[in-house]
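If you read the sequences in order, they're chains Y and S.
Count the first sequence with this note's numbering and you get residues 877 to 987, in order.
Count the second sequence with this note's numbering and you get residues 16 to 130, in order.
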Amino acid sequence: AQSVTQLDSHVSVSEGTPVLLRCNYSSSYSPSLFWYVQHPNKGLQLLLKYTSAATLVKGINGFEAEFKKSETSFHLTKPSAHMSDAAEYFCVVSDMGDMRFGAGTRLTVKP
Amino acid sequence: ETGVTQTPRHLVMGMTNKKSLKCEQHLGHNAMYWYKQSAKKPLELMFVYNFKEQTENNSVPSRFSPECPNSSHLFLHLHTLQPEDSALYLCASSQVGAFANSPLHFGNGTRLTVT
Numbered sequence: 877a878q879s880v881t882q883l884d885s886h887v888s889v890s891e892g893t894p895v896l897l898r899c900n901y902s903s904s905y906s907p908s909l910f911w912y913v914q915h916p917n918k919g920l921q922l923l924l925k926y927t928s929a930a931t932l933v934k935g936i937n938g939f940e941a942e943f944k945k946s947e948t949s950f951h952l953t954k955p956s957a958h959m960s961d962a963a964e965y966f967c968v969v970s971d972m973g974d975m976r977f978g979a980g981t982r983l984t985v986k987p
Numbered sequence: 016e017t018g019v020t021q022t023p024r025h026l027v028m029g030m031t032n033k034k035s036l037k038c039e040q041h042l043g044h045n046a047m048y049w050y051k052q053s054a055k056k057p058l059e060l061m062f063v064y065n066f067k068e069q070t071e072n073n074s075v076p077s078r079f080s081p082e083c084p085n086s087s088h089l090f091l092h093l094h095t096l097q098p099e100d101s102a103l104y105l106c107a108s109s110q111v112g113a114f115a116n117s118p119l120h121f122g123n124g125t126r127l128t129v130t
């Protein structure tokens, strides 16, 4: 069975500083991995996806993630945080038709 | 606009009421899903429909009854709910059958409060 662990339930950064949201996964096969963002009172929006092509994946709003098989990680990064990035972020692993969501990381951006 | 529309956005119902949640997707997808999102808990998959056929029922109580009349519409019929059923109910759709590693597209959810 596969699983996904988001290592931080809450991350706080200052506006203009880098963002790092950590995600580790376990999977028996070659998974697809996704990051979603959820703003208050909204559904989940796809940020980016990894599907066995390039290991460095660029997404929307300046976010990117790197698939590291040796570390079973898929951390989400952004060079400079913006106030509008404050939201809940979910890492998702999908393998052989089984999709698992992480518990989420709440990102707070301070002015 | 997300391409997946859920109505109503908010719903308050008593434990003896019967209500329905509606989801419509305008993306031409052939799989649809219901998820439950409760505070401080991971997203819970409830039901999956693939080409209008239910392919997964994730041990959901019978007081939740899904209906998928076509690939674009999905309903969740509610009756005799409990206060612990209060949550955000999210509908999603995807292309090329259920999961198969294709991303989900979510609606904005229905915030349900059971009193």
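Beta carbons: idealized from backbone N, C-alpha and C, even for Gly.
Note that this is a predicted model, so its numbers are computed, not measured.
Nearest to residue i by CA position, among the options, is which residue?
i, options, result
"residue 964 of chain Y", "S:55, S:92, S:63, S:46", "S:55"
"residue 918 of chain Y", "S:129, S:130, S:125", "S:125"
"residue 937 of chain Y", "Y:928, Y:978, Y:911, Y:969", "Y:911"
"residue 44 of chain S", "S:67, S:50, S:57, S:61", "S:67"
"residue 73 of chain S", "S:64, S:60, S:87, S:120", "S:60"
"residue 952 of chain Y", "Y:942, Y:958, Y:946", "Y:942"
"residue 121 of chain S", "S:30, S:99, S:50", "S:50"
"residue 916 of chain Y", "Y:887, Y:975, Y:978, Y:962", "Y:962"
"residue 892 of chain Y", "Y:922, Y:958, Y:935", "Y:958"
"residue 974 of chain Y", "Y:894, Y:886, Y:909", "Y:909"
"residue 36 of chain S", "S:19, S:18, S:47, S:90", "S:90"
"residue 85 of chain S", "S:27, S:19, S:46", "S:46"
"residue 977 of chain Y", "Y:888, Y:900, Y:886", "Y:900"
"residue 948 of chain Y", "Y:940, Y:939, Y:931", "Y:931"
Go to residue i, then tell me how far its beta strand (DSSP E) extends in each direction, as first and last residue.
i, result
"residue 20 of chain S", "19-22"
"residue 47 of chain S", "46-52"
"residue 886 of chain Y", "886-890"
"residue 28 of chain S", "25-28"
"residue 65 of chain S", "59-65"
"residue 902 of chain Y", "899-902"
"residue 75 of chain S", "Counting along the chain, residue 75 of chain S falls outside any beta strand (DSSP E), and DSSP gives it neither H nor E."
"residue 100 of chain S", "It is not in any beta strand (DSSP E) - residue 100 of chain S carries neither H nor E in the DSSP assignment."
"residue 879 of chain Y", "879-882"
How big is the Cα-Cα spacing for residue i and residue j?
i, j, result
"residue 981 of chain Y", "residue 902 of chain Y", "18 Å"
"residue 956 of chain Y", "residue 883 of chain Y", "21 Å"
"residue 40 of chain S", "residue 960 of chain Y", "27 Å"
"residue 972 of chain Y", "residue 94 of chain S", "34 Å"
"residue 25 of chain S", "residue 127 of chain S", "6 Å"
"residue 954 of chain Y", "residue 896 of chain Y", "7 Å"
"residue 52 of chain S", "residue 907 of chain Y", "24 Å"
"residue 877 of chain Y", "residue 904 of chain Y", "7 Å"
"residue 116 of chain S", "residue 927 of chain Y", "8 Å"
"residue 102 of chain S", "residue 58 of chain S", "11 Å"
"residue 75 of chain S", "residue 62 of chain S", "8 Å"
"residue 933 of chain Y", "residue 950 of chain Y", "10 Å"
"residue 31 of chain S", "residue 23 of chain S", "19 Å"
"residue 20 of chain S", "residue 83 of chain S", "15 Å"
Assign residue i to one of three DSSP states: helix, strand, or coil.
i, result
"residue 937 of chain Y", "helix"
"residue 894 of chain Y", "coil"
"residue 960 of chain Y", "helix"
"residue 947 of chain Y", "coil"
"residue 81 of chain S", "strand"
"residue 905 of chain Y", "coil"
Taking buried to mean at least 16 other C-beta atoms within 10 Å of its own C-beta, is residue i buried or exposed?
i, result
"residue 987 of chain Y", "exposed"
"residue 42 of chain S", "exposed"
"residue 81 of chain S", "buried"
"residue 966 of chain Y", "buried"
"residue 879 of chain Y", "exposed"
"residue 985 of chain Y", "buried"
"residue 929 of chain Y", "exposed"
"residue 33 of chain S", "exposed"
"residue 97 of chain S", "exposed"
"residue 969 of chain Y", "buried"
"residue 925 of chain Y", "buried"
"residue 29 of chain S", "exposed"
"residue 108 of chain S", "buried"
Could you check whether the Cβ of residue i sits closer than 7 Å to any Cβ belonging to chain B?
i, result
"residue 879 of chain Y", "Looking for chain B here will not work: the only protein chains present are Y and S."
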